[in-house]
Structures are given as C-alpha cells and as structure tokens.
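Undergrad:
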Amino acid sequence: MMEFQALFEQYRDLITIAVYGTAIALIVIGLYAVLMKKHLVKIVIGLSIMDAGIHLLFVAIGYISGGTAPIFSPGNENAGARMVDPVPQALVLTAIVIGFAVTALALSLVIRLYKHHHTANIDQLNSLKW
Amino acid sequence: MDNNKNIEQVSKIKTIGIPTQEEIKQAQIDFSPRCTSAGRVNDKETQKMVEYIMNFARKHSLFVLAYGTGCGAIEIPATMTSRYDAERFGMRGAATPRQADVLLITGYLSTKTLKRVIRVYEQMQDPKYVIAFGSCTINGGMYFDSYNTINALDRYLPVDVYIAGCMPRPESVINGIVKLQGLIQNGNAGGGKCYKDNLDWYRENQQKVIKNWDFPDDYNW
Amino acid sequence: MEIIAIILLILLVGSMLTFLIDSFSSKLTGITAFLFSLAASVVFFTQIPSGYQFKFQLAGLDLQWGLTDYSYYFAYIIFGMSVLALLYSIKYMEGKGRLGYFYGSFLLTILGMFGVVISQDFVSLFIFWEIMTWASFLLVIYNAYYKVKTKGVKYMIFSAIGAYAMLTAIVFIRVHYDTLLISEAIAKGAFNFEQYIYIPIFLLLGFSIKAAVMPFHVWAPSAYSKSPMSFTTIFSGAMSKMGVFGIGLVFTSIYLGTNPENFYWVRTILGWLGGITAVMGTIYALIQTDAKKLLAYSSVAQLGYIVVGLSTGTKLGIMAALYLTVIHAVFKGALFMVAGAVEKQAGTTDMTKISGLIRRMPWTFLVALVSIIALAGMPPVGGFVGKWLLYEALITESNNYILVVVVFFSSTAAFLYSYRFLYGLFLGQEEKDTKDVKEAPITMLIPMLILMIIAIVSGAVPGLIFEPAAKAMEAIGFQDVTWQMSSLTNLWGDTTNLGLISMLIGAVFVIVFVFITLKGYKNTKDVGTKDISTSGEIPKEWENLSFQQDFFQPFQRAAAPLYSMNMNKIWKNLGENLEAFFGFFRKLYTGNGQTYALYVVIFLVVLLLFKDVIFS
Amino acid sequence: MVITPVHYIVAPLIAAFAIPLLIKIHKDAARIVPGIVLFYNVIVSLFLMNHIAEHGMISETLAGWQAPWGINLVVTPFTGFLATMVSILGFIIWLYGYRFKRTLKGGEVKYYEILQMMMIAGSIGIIITGDIFNMFVFIEIVGISAFSLTAFYRSRDGAEAGFKYLLIGGFASAFLLLGILIIYTQTGTLNMAQIAERMPDVPQQMKIVALIFFLVALGIEAEMFPLNGWAPDAYSQAPSPTSATFAAVVSVAGVYALIRVVFTMFDVEGVNNYLMVMGFVTMLIAEIAAISQKDLKRMLAYSSVGQVGLVLIAFGIGSNLAVFGALFLMLNHGVIKSLLFMAGSYFIYNTDDKKIKSLNGIYKKLPIVSFFFALGALAIIGFPPFSGFWSKFYILISAADEKYVFLIIGILLVTIIELTYYLRVVGRIYFAKQEGEPASHKPSINALVAMSSLALFIIVIGVYPDLIMPHIQSAADALLDKSNYIQQILSIKN
Amino acid sequence: MEGILFKIFGAFITALLAFTVGMLFGGLRRKVIARAQNRVGPPVYQNFLDLLKLQSKTTNIAHGFMGHMAPVWIIIAAMTTLMFIPVLQGDLWFENLTMKGDLIFLLYMMVFGNLGMALGAGQSGNPNSVLGVSRGLSQLVGFEIPYFLAITALMLQFQTTTIAEFLNIQAETGVWIVLQNPFAFIAAVLASLGMFMYAPFNIVGAPAELASGPRAEFGGKYLGTMMTGGAVFAFIKLVLMVDLFLGGAGNNNLEGIAGTAVGLLELLLKTFLFYMIPVFVAIVSPRYRTEQAIRFFWKWPTFFGILAIVWALYKNGTFN
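Protein chains in written order, with my numbering: chain R, 1065 to 1194; chain X, 17 to 237; chain L, 5 to 620; chain P, 14 to 507; chain Z, 2 to 321.
Dropping the structure here:
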C-alpha cells in the first residue's frame, strides 16, 4: 500500500493527466459512437461509455492527493481536512445507478425495435418524421 | 326504255301541274273575298272627327316590317333609300312586329316560312296591314306547282294590298303604299279585324299546310 | 345591476338557451332567439340613456363601458337589424340542421357587436371584437363547409391579422400613453400620427380588415355569400360596420381638429384604398352569376364608399359615411333577405338557373326593386342621399378631385350589377322548373317590407337618420353639425329638396301610371314571356331565352386591364408559397434520432464557440 | 406543521412500491392508489400554499442536515404555485384516464399507473427541490418514466419514439452532469441558493461554460429548438393521458428547471436575449411544422412546443410582468393542452386512426368532446373571453414595455399560423362531410368530469381572471426576488 | 296658393314646350339626315304623326308589371329632371324648381329612366332587349365618366353645384363657360354624343342586329309614351348643355311676354345648333362596337375631362 502511495507520488502529474485524459477520451469515444455508429446496440454502448467518462471525471475531480476515505470513524474525528471529497462519489454512485437503469431500458427498447423492424440500423427507424 | 311509260309519267306530271277546271273552281271558292266588307273598320261616311285624325296619322306613319322572302327583299332598300325615298310618305322600317303597322311579304312563301309569317303577323298590333309583293303571293307565280310553296297568301293571311309584278319595281311598291294609305283613310283597310273575325277559317287553312303546328291555343290579342 | 350588463346577460342566456333548446325542439330555437333579441332591444331602446357609463376593474385593468351618441348610433343598427334578421330567420332556417348552434352563435355575435360599441376601453373592445369574430366565424362555416380549408379559414385568418394588429396597437397605447381608456388615449393624442405612428396605423389596419378594405377584402365575398342569408344581413349590414365604427373612432382626433394637416396623407391613402375597394368590388360584382356572390361583392364596394366618406374628414363626408352605414344596412339587408327568400323558395340563387320569378314572388320583387334603387343611389329612395352627401363632400369640401371620379365610376358601374341582380332573379323568361315557386312566407316578408319602407321614407325624410347621425358626429368631435329634415345642403349653400323631389316623383308617377293604365284598358293584354318576337319562332316550354351568361361581356372586354388585377390570386399565391416555405423548415425534423442527437451536439458546440458573443 | 413538502415525494414512492403488493389484495388497486396519492398531493399543495401565504416560504431539509449541506425542499410562492398546478393537473389527468386505461392495448395497467405517478411525482420533485443534484435525480426519474411511457404501447412507432427520447434524454443527463460537475468544482456546493450566493466569485469563462451545459441539458427537457426532436414523436406516440401529462406537467417541470438555473443560479448577461431568441425560434419552427401535420397528436405536440417557446420568450423578457405572463401561460397551456389531448384522444379512440383527415364530421358522434376540443382550440389561440387570451395579452404588454416591436409582431404572426391549423381541425370536426359508423366509444363519466373541470377553468378564468392572478403575481415576485430566496434558505433553521 | 298654381301651370307649360321642341327636333333630325342623303325626307311634324298613330293603336301588349311600368319610369325621369332645369333663366313659368335640386341629383335622375326601361325590357323575356340593355348600361359607364369630369370641373371652377348659379355667373361675367373652360366643353360634347345614342354609339338599339334592342317588345301606347319621354329627354340634354356652356337663354332685359318670347327663340336657336353636333356626327359615322365605344369614351373625352379639372383648379387658384 505504501509502495503504491509512493509510486503515485512519483507519477502524480502523469496519472492525473492519464485519468483526466481517459475520462475525456471516454466521453469523446462515447459521443463518436452515439453520433456515428448506426447500430442501435452500439449507440447504447456509446451512451454508456460517455456516462462512464463523465463519472470518471467526476470522481477524479473529487480526489484530493493523499486523502483518506471519507469516513468519520471513532478516533479519527479530525480526518475531515484530509478526506477525499465525499460528495462526488455519492453523486457518481447515484448517477451510475441511473445510468444502469437507462441502459437497461434502452436495451429493452432495442429489442422491441428489432422485433418490429427486423433491423437495428438507426437510419431506418424514421417512420416518425416532419 | 318503254316509251309508253315515259309518256304516262309526263302526263301525270301534267295533271299535277295544270289544274283542272274543277280544281280551279274549288280554288275560286277558297279565294272567296273574305275581307271586302266584313273587314271594314269604318266607312269614310261614318267616320267621326277623331277617327279621321287617327286614320290620317295612321296612313302617314306606316312602320313597315319587311319580311324579306323571295326576290322582293332587294326592292325594299331601293324603295326606302335616296332614289325613291319612301320615307317622305312617313314610312319607316320597324325592327320588330310589336312596333310595325305594315307587314311586307316580298315574295313567295314556303310553308316553313309561312308559319313564321303568321306568327309575326299575329304579334303585330291592331290596326295592322299586309302588303303582298309580286305574283308569287297572289297565285304562286313561278312556284305555282312547288310542293312546299303556298300559292295564294290570301288563304292564310288577310292581304290588304297586292302589288302585281315579278318583281314589282319600287314605283309599283310606292303605288301600292299610296293605295294602302287611301284604304286606311277611307277606313277600308281592315285586315286585322277580318283576320280576327274569320280566325277559324284562317286557322283551318293554315293548319292544312303547316305540319308541325305548335301555336299557342288562343289567338290572345 | 348595470343595465348594459343586463343586456349582455340577456343575449348570453339567450345564446345558451337556444343552444340547449335545440335538443328538445328545433322549431322553438328560432322563436326563442328572436324573443331574446327582441327583449334585449326593448331594454336597450327603453332603458339606456345616452352618455351612460360605468367603470369596473378586471384583471388589474381599469375597464369602462358606456354609450356615447356615437356608439348609440351603431347600436341602433345592431339591434334594429338583429331583430329583423332573427324574425326573418325563423322561417328561413326552418328545416335546416344545427339550429341551436346557429342561433346560439347568432346571439353571441350580436353580443360581441354590442360589446364593441359599448366598450370605452381597448381591452374590452378587443375582447368583444374577438367574441364577435369567432362567433361569426362559426356562422360563416355553418353551411356545411366541405372546403373549410380555404373559405372559412380565410375569413378567420384575415380577421386574426386585423385583430392582432389592433392588439399590437392597444399594447403600445398602454405602454406609451399609460392608459387603456379610449377617451383618454384620444385626449393624450395617441392617434395623432405624430410620435408613435404605428399605433393608429395598426388600429386602422385592424378596423379596415373588418370593413373589407383593399387589399384585405378577399375574405369578404366568400364569407358573405356562403353564410346563411339571414346572418349575412347582419354580417354585411352591421358587423362590417364595426370596422367603420373603429375607423371613425381612430379618426376622432382628426375630427377634433388637433392637427388636420398632418393626417392628410393618411386620409388620402385610406380614401384611395376605399375608392379602389369600391371599384374592385363593383367590377367583380358585375361579372358574378350567383346572386349572393354579386351582393357580397357589392357590399365590399359599398363599404369602400363609406371608407371614402370617413377619410374625407369633413362634416358632409362623415355624415355621408354615417348615413351610408345605416342605409347600406337597410337596403343590403333587404337584398340579402331577398336572396335568402329566393334561395329558400326556388332552391338556388344561381342566376343562370333561375329567372322570371317576378310573377311567382311579386312582393319579394317589390322589395328587391326598391332596395336596388337605393343601392344604385337613385332618387327618391334613401341611397341617393348617401351618394349625394359623398359626392358633395368630395367635391366641395375635400381636395380629392380624382377620387370623386373613381367613386363615380364605381357607382355608375353599380347600375350594371343592380340591373343584373333584378334581371337575373326576377325578370327574363320563366324557367320551367320555377313554375311552382311560391311567395316567401309572411314572417320573411315582414322584415323585408319594413326595411323597404325605411329605405323609401329615408329618401324623402333623411332627417330622421341625420338627427342621430349628427349627434354621433358631435360625439366624435364635430361641432355645430347642421342638417335639415328633408333637404340637403352642401358647403356652397346649394340645396336639394328631397321632400319636393319625392312629392314630384310621386305625383308624376300617379298621373302617368293612371294614364297608361286606363288608356285603352280593355285592349291592353298582359302576355307571358314566351310570347316574344323572336323572328317568328315560338320558344318552347323548355327553352329559356334569358340572357344570363357573360352578361356584361362588352364592359368586361373594355375594362380588361382592371380585371387583370386579382387580389385573390395574389393572396393565394402568397399563402401557398408560405406553406411551401414552411414545409422546407419542417424537414429539419428528419425523424432520425441520431440526427437529433447531432443537433444537440452541434448546438452545444456552437454555443461554446460563440459564447463570448452570446453571453457577454 | 403536519404536512411537509417531503410528503410530495414520499407518498408516491411508498405507493409505487406498495402497488405490486396491494394488487394482490384488489385488482383495481393499481388504478385507484395512484389516484389517492395524486389527490393527496393536491391536498399537500393546497395546505402548503395556505401555509406559505401565512408564514412565508418553507425550506425543509432532509435527513437532519442543514441547508447548504443537506438536501432541502423549498416551497416558495413560485414553486408552490407550480407544484399546486402540477399536482392538480396530474390528478385531473388521472381522473380522466381512470377508465381509459382499461382499453390500453399491449400494456399492463399497473406499470402504466406507477410510471405515470412517478412521472408526476418526479416533476413535483424537480419543482420543489433546492438542490441541483437532487434535481438531476428527479429529472432522471421523470425521464425514465417518460421513456417507458412513450414506448408503452409496445408498438412499432412507440418504441421508436421512446428510443429517440431516450437517446436525447441520455445526452441531457450527461450534459447536466457535466454542468453540475463544473459548478461543483467552482463553488463546492450543490445547494442552489448557495451556488447563487457564491456565483459572483466564479470566473466568468467557467460560469458561461457551465451555463451552456445547463442550457443545453435543460433545453432538451424544456423542448427548446433545436433540441426538441424527441418531443413530437414522444407526444404523439405516448398514450393520450401521458401526452397530456407531458404537456401539462413534464414540460412545466423542464421549463421550471431551466428558469431556476438561469434566473437563480447564474447572473450572466445575455442569457435573457438567448432565451428570447431561442424561444421565438422554437415557437416559429414548431408552429410552421405544425401547420402541415396530418396526425392530430403530432400537431398538438408541435403546438405544445410552440407554446413552450412563447413561455421562454416571456421569461427571456424577464420583467416582472413578463414572468407573470409566462407563469400564466404555463398554467393556461397546461390546462388547455391537457383538454385538447383528452378530447383528441377520444377522437382517436373513435376513429382508430390518428389522422386529422378522419375527423371529418366527428362532432355528430362526440358532440361534447368536440365542443371541448373547439373550446380548447379557441382558448389556446388566445381568443377572448377564454383564459388563453390574458396570458398572451400580458406577455405582449410586457414585450411592449421593453419596446420589442418586432417580437410582438412576430408572436402575433406566429399566432396566426397557429390559428390556421387549429381552425382547420375545428372546421373538419364540425363542418366536413362525415363518414363512417356511429359512435362506438362514448366518453365515460370520469373523463367528462375531468374535461369539464378544465373547460370550466378556461371559461371562468377567461371571464374573471382576478381569481387566479394574485397567486401568479406572488409567484412571479418570488421567482424574481433572488436575494430573498438565497437569504431565506441559508438562514432557515429547521 | 297662387304661387303653387303658377308653379303647376309653369310646369305644364314647360312640359309642353319640352315635348313640342323635342318632337320637332326629332323631325328636324330626320329631315336633316334625309337632306344629307339627298332625299326629300319626311315632314318635320312626322314625329307627331308617329306618336299619334302609336297612341291610337287599338291593341297593346305588356309583358307583365315591369313592362307596363317601363314608360312610366321614363316619363317620371323626364318630368322630374325637366322640373329642375332652368329652361329660361328667371322666368316665372320656365324656372320651375330650379333652385331645389342640383347637378348631382340631375345626373342620377337622368339615368333613372334608362334603368326603368331596362327593367321593362328585362321582363319581356326577349333576349334581344336584354342584350341591348347590357350594351346600353356598359356604354353608360363609358360616357358618364367624361361627362361627370366635365361637370366636376365646372363645379370646382365656379364653386357651385346649381345650374341657376352657372347661368348667373355667365350673365354676370358676360362670358360663356365654353370660353372659360373649353376643355370641359369638349369633354361634355364628346360625352353627349354617347348620351344621345346616335351613330356611332347606337349599337344599343341596332335595329337589324338587336331588333331595336330594349324597345323590341314595346308597341302601341307604350312605345308612344316612350317616344314622348325620349323627346323630352333630348330637350333636357340640350337645355342642360346650353345652360352649362352656352350661357343659357332668357337672359335679356325685356319685360313680360316679350322677354319670354325672345328667350325662347334664343333657346331654340342655341339648342338647335347644339343638337346638330350629334346629328351631323351621326350622319357621317358608322357604328362602334360596345367595347370600342367605351374605350373611346375612356380615352380622349376622359383626357379632356381631366384637363378640364386641371384647368378649373388653375383658374380656381388652387395652384397658386
């Protein structure tokens, strides 16, 4: 654990960049999938990837270097100053749940759509227009 | 070709064409002068002052409706225009029978035309007069044996003045008009009254030749 | 309770009641509606003094209702015409469906019209104006409109343009002058065409559309002719006059003489629009083959005269406009009733299909004759007075010398369609199909005859109408309006003695009529129309020789350039092009979810790129 | 205080979980229980409105944490007004749909009811919450219910519409989350009042970027062009009571969220103009898209979008009177559009076809429903003496106050377009040649009660608007009085 | 009371005069045309004979009530118009109701008869009649425009609408209006060609084409009465033109009968001279089609009419 801590301190900037970069890359990849891919499932996956990216970004922002887990335990009452910000984590948890629900619903809709249209190409699902 | 048959045909035509004595007699009966005395409106002797003036106006204001049948129609313009100038007698063309006093029948009448002539005559308003031009209206003239031309106008309409000739020249026409004026002034031009009085007889004659008779039932004026 | 509210309540209750009664007995609806309108009229005529008003608050706005002499004048027309039209309606609408709907809307329309004239603030004016509009819209489309898309909606769209123009003006009056009371707005100079010029212009636009002024007249002919005739009497007789009412109101500041020179161009433009309306209405009226349509176009033309009269801004001109307002309601009401009677009895008003009704419907013909004489502006019937006032106003008091010729052209050409109407329906050869047509029922004849008598009397004694009209003019800012009971005097002191004229015409009429009837009475025959001199031919029973198609073709050929300008077509093209244009924008909704997502992202990117421009 | 704002949220949640159990006891529980809950919401609303009229606004914190840290529910006259309106409309829509749902094809009533109830409860949650992330959660609750309800008919088009809605809704949640992220990093709090308080310290660029994310995300919820591609499809494919709910409840909540964020949290210049312009574009495009629709519900959907555009314009103008007009219009639009969807659904029900074409002469089959539809059409166009007139009138006056001449003319021209297509439909209903067989489905009594109550509202408010105007006025005041809001929330100790 | 009796007697005398002169002028026209065509022509009194004959017809046909009324309309229009025109200025008998009506009224009253007759023609059911009416009314729109322009110009120039005032002005200034506003005169003369409906504007009653048009179904007493009305109308048109442009008549210093006699002679001379304009035009003219006639009236006469208005405004001082 300590080793890991030291390793982290050593590559701190790199990791920060990597985390943020990953998050943004995930968002971009997700956006690309949603906007460019024609297959419904791929679009749903893209949506999930985008969500994941945002969640990652959220958590990364809440992280304080060297912070502890945001838990007030007996004997550790003054830990508030060194704690990682708990709020983003809570939010991300909620958001993940919501994203899960949305993804599930989306997939069920995809199945429904495929049943009706016998295709999963989003370009062909435009009977409602104008 | 059989000569006999040919001759027979010719003689048949002849018998149709030239009237026999009996036919002529019959025709004379038909020509009975319906309108000599019965048609009189008022004698010169019995005329009152008002009637005299009226007749004077009538005779000097003859609106003529020229029913341009046959060759006589061409004589009317000559009569009316500069050379013979019938307007100096107060003659004037009328466009419709409602306004007209004199009906000029300027030539032969086919049975089809007769129907229209009768209609026009009946639409004229009393007192009204008829002047018939040429032989065709008197006895059929050159159409005497035509199948669709009437021979004697007198059987169908009361004619006040006949103008002989084929065709009569404008001089004769003017002469005829002057004759008519005299008749009017004397109160003898009673064609309209005669027609009214002898309507049944006229109708009978008219219906003999007019096949598609569709006149209104009543002679309503 | 305030008396105006009682009248409005009577009409409202009547409207609902007729609507409900229809489900029990459709026969009673007409009578109920008539009784309610009669009750409202009686209350109005007996209970309301002129100058009455009351104020109240609604929605945080100060509202005020009341009657000036000016609105009183229009209220006369509204109630008079309504009662007659509803009486006429009882038999006219008999046997048609949806009577409750018809009469309910009818009473609501009356309510709206009355509300418009009693409103002394803009908000109630607008509210009642809109009530009037949609209630009348319901009536316009009553006659089973299979083409609602084009006809009824056209009326509504134009009305809406007008109403919203008004609303814009009202809103700005509120903002700039901080008042909603009409009298205050006038006092503060809201209509002065000086500072906020769009206020009076928008108001005029709104009112002109109701008055069917060029180029917004295209709704009027079809709306007038397609409504049930008993309503069209009100529609053309009273409701289009609400536009006149409004224009007069807007021009009050001109009449008050605050700064008449400034309004010269406004008055000139409006006057010319009125003149062109009159010409267009007239020339289109005379090529119609449907009597109702003919009358509809004629109404447009007549309203053009009224607008011309208003635009002169002089005493005689306003008097002409106000007089024409009444007399147009009277004779055009009578004529629409005639058209309705013919429609009811003979089944159609298409002049190519019927003719020679004079022997079948003599009384109706008599009404039509007198009304047409009034329409043509002939003495001794009332229409002449209006024409006289208008010409004299234009010649002696106004500087529109060419406009007077335009108006004269229109009113001369009006002879053409006047004759066309009488000939097309009543004269000519008798049609075989109309042999069994009967005279209109008595309840339809009575209102027609009443209107006819008004037309005749007002020709001899126009002072009866001048009196309230003069009061009305004083209410909108004229002073010392002079008038005589039965003669007309212009600015230069030239008089026309109408009483004398009527007497003379009457006397000559009697003498000549007696002479021509008695002379040779026994030898005079009355014959049918088949007995005509058509070159010796006898028209058959089934032949109708009446000349009905292309009646005024010579005129049409001579005036071909005038006919080439067709406002209807222009508006139609505009509408179609707009819809096509809209269709293009509609294509943005492609139906592809991914495209929508792309829109979102693009929008986001655009916002981010231009964030400094948008959010400073 | 017996009743607190939290009842709004707790009651539906409990009911949602209880219904699957209760349904074992009585098979109609799924239909009745949501009604009870929604009615309870109405009572809560009225009680709270009464309470705040006497004691001022309520800020209730959850789980014992004080205002800036914990989640709080705020009932000001503004939120209270909207919550009341939403709950009453929600109840009326439930009443309308009570029997309607028997006829649902391909769906199961209990899910429908639960989703519908959650949608309404979520909307109320959006309105009363004082916490930005909590708002996100409620938006997602509404969203998921709405996606499911859109696709409820399990038909070909329903699924398609649902998927589109979901796709765009996913973007909305993503961007909203990003916006919240930025705000949180800058201010370190999620409480809207506190964010507003700390907002002046945030760098301008960050503020604007955050605002843009919020605008896009909430613009999707508020059906702003060009983010509203989902709306016509969703409106037209959802079951009719749901369409009514979309128009009367969900869009109100969406607009509320946007307005709350823009007006309370941010103080960026130019956002008013942005709202005005985008509102106008939304209105224009929606109305010109509506004019040539062949599908009744789709037409109504575009019309709703147009009305929301007008609301946005009014909020964009931003003056007290304009906000007043906007709130009035939101109320009117909720009422009238619900009525139109309710009436329209009976047309569709009777013709088995959503096409406007097949409405020809339908008034003979459904006289009362037709009457309601015509009334609604006239009211939504803004004809006096119906309630729609007043809201439009006040919006126009407020625009005139700011001298937006062309805006006024534009609004009125667009209204003419609106009038055209509505009257075409009314004309068809009443005056076109009628075909087909006599009525098979007369409106049930509860539907009639629901519709007549809405119609009654339209007429009564139209004739006598003073009944409702004070409430709207205080709501508008509350919305605009930002500092008071901040102060009150941060100082209230529970 | 005495005044009224005088008035009635004066009206009677005026009517008689108008009738006599109108009929005589009609005869004269026929004579003139005949002489121009190198004919003898009918006697001058021919029209009286025609009238007498028509009235002495023993049968009369009317096509219903309007047909019966058609001549009545014409006489009403003729008599009413006549009463409001100053035949002799300031004369006890021939002044009639001059000051009680003005030009606008006269313009309308003059059309009244035509419209009445058109109604009678309409009821007869004869297509030719109605065709004539259609043409006549169309042509009416043609010539009324320049005529009205001319009259408007006069009104504007002299600030009055009463004919008697025009006479007074001409008497005071001593200059006839034809010299004061020549363009108005030209417009009015061209318009009056159409009003008389002689060639080239006689397509309305073209005998060969339309069977005399609107009159096609009238005969006997009806036609006679119409002729009377027509004669009076011819007189009215002439007197109106003479009054408006040629200084009127009766403006002499002689007293009593002598004054009246001289005035009448002056009137006859002036009207006859004026009457010869349309007559001579008619002699040398073929016939216009209706639309040609209308277009003619809308071109040059209207142009002169507008010129007249501009002239009037110039004289009036509006441009100063």
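Built from N, CA and C at the ideal position, the CB exists for glycine as well. Nothing here was measured: the structure is a model prediction, and the numbers come from that model.
Considering just the uninterrupted stretch of the beta strand (DSSP E) at residue 88 of chain P, what are its terminal residues?
TA: 85-88 is the extent of the beta strand (DSSP E) around residue 88 of chain P.
Undergrad: Would you check if the distance between the CB atom of residue 135 of chain P and the CB atom of residue 122 of chain P is smaller than 8 angstroms?
TA: no
Undergrad: Between residue 149 of chain X and chain L, is the shortest Cβ-Cβ distance under 8 angstroms, so that the two count as touching?
TA: no
Undergrad: Is it right to say residue 36 of chain Z is buried, meaning 16 or more other beta carbons lie within 10 angstroms of its own, or is it exposed?
TA: exposed
Undergrad: Using 8 angstroms as the cut-off, can you tell me whether the segment 219-235 of chain L makes contact with the segment 178-192 of chain L, which would need three or more C-beta pairs spanning the two stretches below that distance?
TA: no
Undergrad: In angstroms, rounded to a whole number, what distance separates the CA positions of residue 625 of chain L and residue 274 of chain L?
TA: This structure gives no information on residue 625 of chain L, because the portion of chain L shown stretches from 5 to 620.
Undergrad: Which residues of the segment 597-614 of chain L have a Cβ closer than 7 angstroms to any Cβ of chain R? Give them in chain order.
TA: 597, 598, 601, 602, 605
Undergrad: Going by alpha carbons, who is nearest to residue 360 of chain P out of P/372, P/432, P/35, P/73?
TA: When C-alpha distances from residue 360 of chain P are compared across P/372, P/432, P/35, P/73, the shortest belongs to P/372.
Undergrad: With a cut-off of 8 angstroms on the beta carbons, I'd call residue 383 of chain P and residue 470 of chain P a contact; round off their distance for me.
TA: Incorrect: roughly 19 angstroms between the Cβ atoms, too far for contact.
Undergrad: My parser needs the beta strand (DSSP E) runs of 3 or more residues fully inside the segment 459-505 of chain L; what are they?
TA: 491-493, 499-501
Undergrad: Three or more C-beta pairs closer than 8 angstroms, one from the segment 81-97 of chain L and one from the segment 64-72 of chain L: is that the case here?
TA: no
Undergrad: In chain order, what residues of the same chain lie with their CB nearer than 7 angstroms to the CB of residue 402 of chain L, ignoring the 5 residues before and after it?
TA: Excluding positions up to five away in sequence, the list reads 316, 318, 321.
Undergrad: What does the Cβ neighbour count give for residue 256 of chain P, buried or exposed, with the cut at 16 atoms within 10 Å?
TA: buried
Undergrad: Tell me, please, whether the segment 164-176 of chain X touches the segment 213-225 of chain X by the rule of three or more beta-carbon pairs shorter than 8 angstroms.
TA: yes
Undergrad: Return the Cβ separation of residue 52 of chain P and residue 104 of chain P in integer angstroms, given the expectation that the two are a contact with Cβ distance under 8 angstroms.
TA: About 6 angstroms separates the CB atoms of residue 52 of chain P and residue 104 of chain P; that is less than 8 angstroms, so the two are in contact.
Undergrad: Could you please tell me which residues of the segment 158-175 of chain P, in chain order, have their CB closer than 9 angstroms to any CB of chain R?
TA: Within the segment 158-175 of chain P, the residues whose Cβ lies closer than 9 angstroms to some Cβ of chain R are 160, 161, 164, 167, 168, 169, 170, 171, 172, 173, 174, 175, listed in chain order.
Undergrad: So, does the CB of residue 132 of chain X fall closer than 8 angstroms to a CB anywhere in chain Z?
TA: By this cut-off, residue 132 of chain X is not an interface position.
Undergrad: Rounded to whole angstroms, what is the Cα-Cα separation between residue 73 of chain Z and residue 368 of chain L?
TA: Spanning the two alpha carbons is a distance of roughly 21 angstroms.
Undergrad: Examine the Cβ distances between the segment 454-474 of chain P and the segment 353-367 of chain P and report whether three or more of them are shorter than 8 angstroms.
TA: yes
Undergrad: Closest Cβ-Cβ distance between residue 164 of chain L and chain P: below 8 angstroms?
TA: With 8 angstroms as the cut-off, residue 164 of chain L counts as an interface residue toward chain P.
Undergrad: Could you tell me whether any Cβ in chain X is nearer than 8 angstroms to the Cβ of residue 360 of chain L?
TA: no
Undergrad: Return the residue from the list L/167, L/165, L/198, L/168 that minimises the CA-CA distance to residue 180 of chain L.
TA: L/198
Undergrad: Which residue marks the beginning of the alpha helix (DSSP H) containing residue 61 of chain Z, and which one marks its end?
TA: Unbroken run through residue 61 of chain Z is the beta strand (DSSP E), 61-63; no alpha helix (DSSP H).
Undergrad: To the nearest whole angstrom, what separates the beta carbons of residue 485 of chain P and residue 337 of chain P, a pair I think is in contact under 8 angstroms?
TA: 6 angstroms
Undergrad: Using only the alpha-carbon positions, how far apart do residue 144 of chain L and residue 1181 of chain R sit?
TA: 47 angstroms
Undergrad: If I'm right that residue 339 of chain P touches residue 319 of chain P with Cβ under 8 angstroms, what's the distance once you round it to whole angstroms?
TA: Contact doesn't hold; Cβ gap of about 14 angstroms is too wide.
Undergrad: Please name the residues in the segment 492-511 of chain L whose beta-carbon is closer than 7 angstroms to at least one beta-carbon of chain Z, in chain order.
TA: Taking a C-beta cut-off of 7 angstroms against chain Z, the contacting residues of the segment 492-511 of chain L are 494, 496, 498, 499, 500, 501, 504, 505, 508, 509, listed in chain order.
Undergrad: What residue does the alpha helix (DSSP H) around residue 166 of chain Z start on, and which one ends it?
TA: 164-174
Undergrad: So residue 72 of chain X contacts chain L; which residues on that side make the cut at Cβ distance below 8 angstroms?
TA: Residues of chain L passing the Cβ test: none, with the nearest at roughly 19 angstroms.
Undergrad: Would a check of beta-carbon distances place residue 309 of chain X closer than 8 angstroms to chain Z?
TA: Only positions 17 to 237 of chain X appear in the structure, and residue 309 of chain X is not among them; the question remains open.
Undergrad: Report the rounded CA-to-CA distance for residue 329 of chain Z versus residue 273 of chain Z, giving the unit in angstroms.
TA: The structure shown does not extend to residue 329 of chain Z, since chain Z is modelled only from 2 through 321, so no value can be given for it.
Undergrad: Can we say the segment 225-241 of chain P touches the segment 203-216 of chain P, given the rule of at least three CB pairs closer than 8 angstroms?
TA: no
Undergrad: Under a Cβ-count criterion, where at least 16 other Cβ atoms within 10 Å of its own Cβ denotes burial, should residue 174 of chain Z be classed as buried or exposed?
TA: exposed
Undergrad: Taking the beta strand (DSSP E) that residue 59 of chain L falls in, what are its first and last residues?
TA: 57-62
Undergrad: Just the C-alpha distance for residue 183 of chain Z and residue 442 of chain L, rounded to the nearest angstrom, thanks.
TA: 58 angstroms
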